[in-house]
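Colleague: Questions regarding the structure given below will be posed in turn.
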Amino acid sequence: MAEPILRTEGLTKRFGGLVAVSDVSLDLQVGEVHVVIGPNGAGKSTLTNLLSGDLPPSAGRVVLEGRDIAGLSSDQISRMGVGRSYQKTNIFLPFTVFENARLAAQSRTPHAMRVFGRAEAYAEINARASAALDAAGLGHRAGRVAATLSHGEQRQLEIAMCLATQPRVLLLDEPLAGMGPHESQRMVELIKKLTADHAIMLIEHDMDAVFAVAHRLTVMVNGEVLESGTPEQVRASPAVQAAYLGGEEMLHG
Amino acid sequence: MNSGALSRWLPWVVVGLFALFPMLESTFYTQLVTKVLIMAIFAMSLDLLVGYTGLVSFGHAAYFGLAGYALALMGPKYEAASLWWTLPASLGICVVFALVTGLLVLRTRGIYFIMVTLAFAQMLFFVFHDTKLGGGSDGIYIYAKPTMNLGETVLVNLEKLDQFYWLVLFFTAATYFLLRRILGSSFGRALVGIKVNEHRMRALGFPVFRYQLASFALGGALGGLSGYLAAVQFGFVNPEILSWHQSGMVLMMVILGGMGTLHGAVIGAFAFVLLQEVLSNQAWFGIAAKHWQLAMGILIMLVALYMPQGLAGLMNGFRRKPQAEAEEGADG
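Chains as they are written, first to last, in our numbering: chain A, 1244 to 1496; chain B, 7 to 338.
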């Protein structure tokens, strides 16, 4: 098996007495979608925040290409090639769609701190922003103000911004939440396309989408990993079936 | 007329018109407009922080006063100092003060940021108020205005009202165009991104603190420029120029004119100083003129309530309509 690009060892996050993430070890590989599922409050978003640096872990390691990045700030981790999208849409509402993507692309270049010269004058940044918008299916909305987009489109923009930073590891926190069936289908296709040259961790509730893209599946309950393996293994697990109670139907979509 | 061309040429036209102003040969008005232009630099420097970087500083007078005191203390007592070195040195002191305090204050947010910036400015106020360093509460006179000579030739004679006016106008225009250039750059866009959504900027990989610190230092330097020019104009500095009243006043100018537009800060400085002149005019308002601050307070409140985009927002009001229609058209 190939060396994972990112792995966690015993990752734990405590908020006072509450253990939101408890001793989680998982790994992500380029070419694979690792889906994390679990009921609300299972610690999935907290796990994402630990990987992206939005929160410092209480214990455990996050190893990115052999280097422990636990405790680094989110901007450092982002620059090391870990991109994330947020569960709650987190974009620049007053800016145009293009400017949202352009800023994201700008963060990757030595021009980022240039004080003179118009921001739009850098062809490579513009090209990367446009490519990211096209990939997310938002190319036709480039000129619109982000606040005027539909909810689904704002979710697409969220992904486009993430892509514009050219990450190798993608942490996608419920990208399909609130999307219509057509938009969801698009997003699933996009995730499949991105799998070839990205390591992807996907948090998702939509089981159709989960089984359409998952190479590996981790089930979290109360901050702990209940089961982890291939989709078939997880589906067959008695523990998972018990945890989801009558949820067998859900697992079978 | 398209608004892009308008916003490109209008500032130059305005600067051109202002350049003609001393031809009126009114000592009073030339001095008044000089003062307003200096305040406009001060307000623009704060707008960079408040309107573009999202840093609501309530201690911006620190830079205004620091540069003024720097000029007063650095020069020889009864002779003129050279602007060529006193100006850069004064601004340099402001940058150092901004970097040192910025390292601390930029770790705070919201109301705490307001309080900590205020605290640093008040510390400076008491340093100059309570020690002999700058003449205590009486302040110091600057007996001779700085010189701007090239070899033996006098390039600009700051003792002459109209020449000083043009110099100030040059600095005001330079500040405006410099900031506009910077704000249109990659760096400037990142600042506005930080103002709008600091969290996301960090997630995108921007070292937010470094950007804020750079902006804070630039704002401090330009605030110092205005303080230096004000000290030259009045030939006098006292602790009042460092006080929180001064910080509050420049903040009101920015709010009155409209935050985050740059030209709004200039309009705000004009509106504030002119309103102050009008409201404190005893011939018009009699006994109420003494309490002009009350009327000013009410006006500022009305602007904050009913014109959140300030006076500059009035200009956008005329432009917004066609844009909104175009958007709807594109949609349908």
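In this text, a Cβ means the ideal position worked out from N, Cα and C, and glycines have one as well. Here the structure is a predicted model, which means the values were calculated and not measured.
Are there 16 or more other CB atoms within 10 angstroms of the CB of ARG1345/A, so buried, or fewer, so exposed?
Modeller: Counting from one through the first sequence, the residue named residue 1345/A turns up at place 102. Burial call: buried.
Colleague: Please state the DSSP three-state secondary structure of THR267/B.
Modeller: In the second sequence, residue 267/B corresponds to position 261, counting from 1. Looking at THR267/B - three-state DSSP - the assignment turns out to be coil, as it is neither helix nor strand.
Colleague: As an exercise, report each continuous alpha helix (DSSP H) stretch of at least 4 residues that is fully enclosed by the region 1418-1475 of chain A, in chain order.
Modeller: Fully enclosed alpha helix (DSSP H) runs of 4 or longer: 1424-1438, 1450-1456.
Colleague: Determine the closest residue to ALA1379/A out of LEU1261/A, ARG1361/A, ALA1407/A, ALA1390/A, with distance taken between C-alpha atoms.
Modeller: Taking the first sequence and counting its residues from 1, the one referred to as residue 1379/A is at position 136. Per the Cα distances, ALA1407/A.
Colleague: Only counting runs of 4 or more residues, tell me where the alpha helix (DSSP H) segments fall wholly within the region 154-209 of chain B, in order along the chain.
Modeller: For the region 154-209 of chain B, whole alpha helix (DSSP H) runs of length 4 or above, ordered along the chain, are 167-189, 192-209.
Colleague: Taking only beta-carbon atoms, is SER13/B less than 7 Å away from chain A?
Modeller: Locating residue 13/B in the second sequence gives position 7, counting from the first residue. Chain A contact via Cβ: absent.
Colleague: Report yes if the C-beta distance between PRO28/B and ASP168/B is below 7 Å; otherwise report no.
Modeller: Mapped onto the second sequence, residue 28/B falls at position 22. Mapped onto the second sequence, residue 168/B falls at position 162. The answer is yes: Cβ separation under 7 Å.
Colleague: Roughly how many whole angstroms lie between the Cα atoms of VAL309/B and LEU262/B?
Modeller: Against the second sequence, residue 309/B aligns to sequence position 303. Against the second sequence, residue 262/B aligns to sequence position 256. So the alpha carbons of these two residues sit roughly 6 Å apart.
Colleague: Cβ of SER191/B less than 7 Å from any chain A Cβ?
Modeller: What you label residue 191/B is simply residue 185 of the second sequence in a count that begins at 1. Taking Cβ atoms only, chain A reaches closer than 7 Å to SER191/B, which makes this a yes.
Colleague: I'd like to check one pair, GLY1303/A with LEU1254/A: are the Cβ atoms closer than 7 Å?
Modeller: For the purposes of this step, residue 1254/A is identified with residue 11 of the first sequence, where counting begins at 1. For the purposes of this step, residue 1303/A is identified with residue 60 of the first sequence, where counting begins at 1. Yes.
Colleague: From this set, ALA1485/A, ALA1390/A, PRO1337/A, SER1350/A, which residue's C-alpha is nearest ILE1320/A's C-alpha?
Modeller: Counting from one through the first sequence, the residue named residue 1320/A turns up at place 77. Closest by alpha carbon: SER1350/A.
Colleague: Report the option in SER1373/A, ALA1362/A, GLU1342/A whose CA atom is closest to the CA atom of VAL1388/A.
Modeller: For the purposes of this step, residue 1388/A is taken as the residue at position 145 of the first sequence. Minimum Cα distance to VAL1388/A is reached at GLU1342/A.
Colleague: Taking 6 Å as the limit between beta carbons, can you name the residues of its chain near HIS66/B, skipping five residues before and five after?
Modeller: Translated into the one-based positions of the second sequence, residue 66/B becomes position 60. Result list for HIS66/B: LEU52, GLY229, SER253, VAL256, in chain order.
Colleague: What residues in its chain sit with their C-beta under 7 Å from that of THR5/B, if we drop five residues either side in the sequence?
Modeller: With chain B covering only 7 through 338, there is no way to say anything about residue 5/B.
Colleague: Looking only at C-alpha atoms, which of THR59/B, GLY10/B, SER63/B, ILE47/B sits nearest to GLN218/B?
Modeller: Here residue 218/B refers to the residue found at position 212 of the second sequence. Of the candidates THR59/B, GLY10/B, SER63/B, ILE47/B, the one whose C-alpha sits nearest the C-alpha of GLN218/B is THR59/B.
Colleague: Helix, strand or coil for PHE1335/A? Go by DSSP, reduced to three states.
Modeller: Residue 1335/A sits at position 92 when you count from the first residue of the first sequence. It is coil, neither helix nor strand.
Colleague: Work out the CA separation of LEU1469/A and PRO1481/A for me, nearest whole Å.
Modeller: Within the first sequence, residue 1481/A is the residue found at index 238, counting from 1. Within the first sequence, residue 1469/A is the residue found at index 226, counting from 1. Cα to Cα, PRO1481/A sits roughly 11 Å from LEU1469/A.
Colleague: Could you check where the alpha helix (DSSP H) with ILE1320/A kicks off and where it finishes?
Modeller: Here residue 1320/A corresponds to residue number 77 of the first sequence, with the count starting at 1. Here the alpha helix (DSSP H) through ILE1320/A covers 1317-1322.
Colleague: Sort SER32/B, MET50/B, ALA25/B by Cα distance to GLY264/B and report the nearest one.
Modeller: Start at 1 with the first residue of the second sequence, and residue 264/B comes out as number 258. When each option's Cα is compared against that of GLY264/B, the closest is MET50/B.
Colleague: Among ALA220/B, LEU112/B, SER88/B, LEU164/B, which has the Cα closest to the Cα of GLY157/B?
Modeller: Taking the second sequence and counting its residues from 1, the one referred to as residue 157/B is at position 151. The option with the nearest alpha carbon to GLY157/B is SER88/B.
Colleague: I'd like to know whether the C-beta of SER1373/A is nearer than 7 Å to at least one C-beta of chain B.
Modeller: As a position in the first sequence, residue 1373/A is number 130, starting the count at 1. Answer no: the Cβ-Cβ gap between SER1373/A and chain B never drops below 7 Å.
Colleague: Please confirm if ILE200/B has its CB atom under 7 Å from at least one CB of chain A.
Modeller: Mapped onto the second sequence, residue 200/B falls at position 194. Not closer than 7 Å to any Cβ of chain A, the Cβ of ILE200/B fails to qualify, so no.
Colleague: Can you have a look at GLU283/B and say buried or exposed, based on whether 16 or more other CB atoms are within 10 angstroms of its CB?
Modeller: Taking the second sequence and counting its residues from 1, one reaches residue 283/B at position 277. GLU283/B is exposed by the Cβ-count criterion.
Colleague: To the nearest angstrom, report how far apart ILE247/B and GLY145/B are at their CA atoms.
Modeller: Residue numbering aside, residue 247/B sits at position 241 when the second sequence is read from its first letter. Residue numbering aside, residue 145/B sits at position 139 when the second sequence is read from its first letter. Approximately 10 Å, taken between the alpha carbons.
Colleague: Can you check whether the C-beta of PRO213/B is within less than 7 Å of a C-beta belonging to chain A?
Modeller: Looking up residue 213/B in the second sequence gives position 207. Interface residue, yes.
Colleague: Please report whether the beta-carbon of ARG186/B lies at a distance below 7 Å from any beta-carbon of chain A.
Modeller: Reading the second sequence from its first residue, position 180 is the one you call residue 186/B. So, not an interface residue.
Colleague: Let me check one thing: in DSSP terms, what residues is VAL1306/A bridge-paired to?
Modeller: As a working note, residue 1306/A is residue 63 in the first sequence. DSSP output for VAL1306/A lists ARG1250/A, ASP1311/A as bridge partner(s).
Colleague: Assuming MET1463/A and GLY1286/A make a contact with CB atoms under 8 Å, what is their CB distance in whole Å?
Modeller: Counted from its first residue, the first sequence places residue 1463/A at position 220. Counted from its first residue, the first sequence places residue 1286/A at position 43. Confirmed, about 6 Å.
Colleague: Taking contact to mean 3 or more Cβ pairs, one atom from each stretch, closer than 8 Å, check whether the region 93-104 of chain B and the region 219-239 of chain B are in contact.
Modeller: Output reads yes: the region 219-239 of chain B touches the region 93-104 of chain B.
Colleague: Kindly indicate which residue of GLY1274/A, ALA1372/A, GLY1281/A has the alpha-carbon position closest to the one of ALA1485/A.
Modeller: For the purposes of this step, residue 1485/A is identified with residue 242 of the first sequence, where counting begins at 1. ALA1485/A has its Cα closest to that of GLY1281/A, out of GLY1274/A, ALA1372/A, GLY1281/A.
Colleague: Buried or exposed: PRO1410/A, going by 16 or more other Cβ atoms within 10 Å of its Cβ?
Modeller: Taking the first sequence and counting its residues from 1, one reaches residue 1410/A at position 167. Classification for PRO1410/A: buried.
Colleague: Please name the residue in THR267/B, LEU305/B, LEU173/B, ILE200/B whose C-alpha comes closest to that of MET321/B.
Modeller: In the second sequence, counting from the first residue as 1, residue 321/B sits at position 315. Nearest of THR267/B, LEU305/B, LEU173/B, ILE200/B to MET321/B, Cα basis: THR267/B.
Colleague: Would you check if the distance between the CB atom of SER6/B and the CB atom of ALA1362/A is smaller than 7 Å?
Modeller: Lying outside 7 to 338, the shown extent of chain B, residue 6/B is not represented and no answer is given.
Colleague: Distance check for LEU1381/A and GLU1396/A, CA to CA, integer angstroms please.
Modeller: Within the first sequence, residue 1396/A is the residue found at index 153, counting from 1. Within the first sequence, residue 1381/A is the residue found at index 138, counting from 1. Going by the C-alpha atoms only, they are around 7 Å apart.
Colleague: Identify every residue that forms a DSSP beta bridge with PHE1258/A.
Modeller: Taking the first residue of the first sequence as position 1, residue 1258/A is located at position 15. Answer is LEU1261/A, bridged to PHE1258/A.
Colleague: My output table needs one value for GLU333/B: the three-state DSSP class, helix, strand or coil.
Modeller: Locating residue 333/B in the second sequence gives position 327, counting from the first residue. For GLU333/B, the predicted model reports a pLDDT of 42, less than 50, meaning its position is unreliable; a value from the coordinates is still stated below. The answer is helix: DSSP assigns GLU333/B an H, G or I state.
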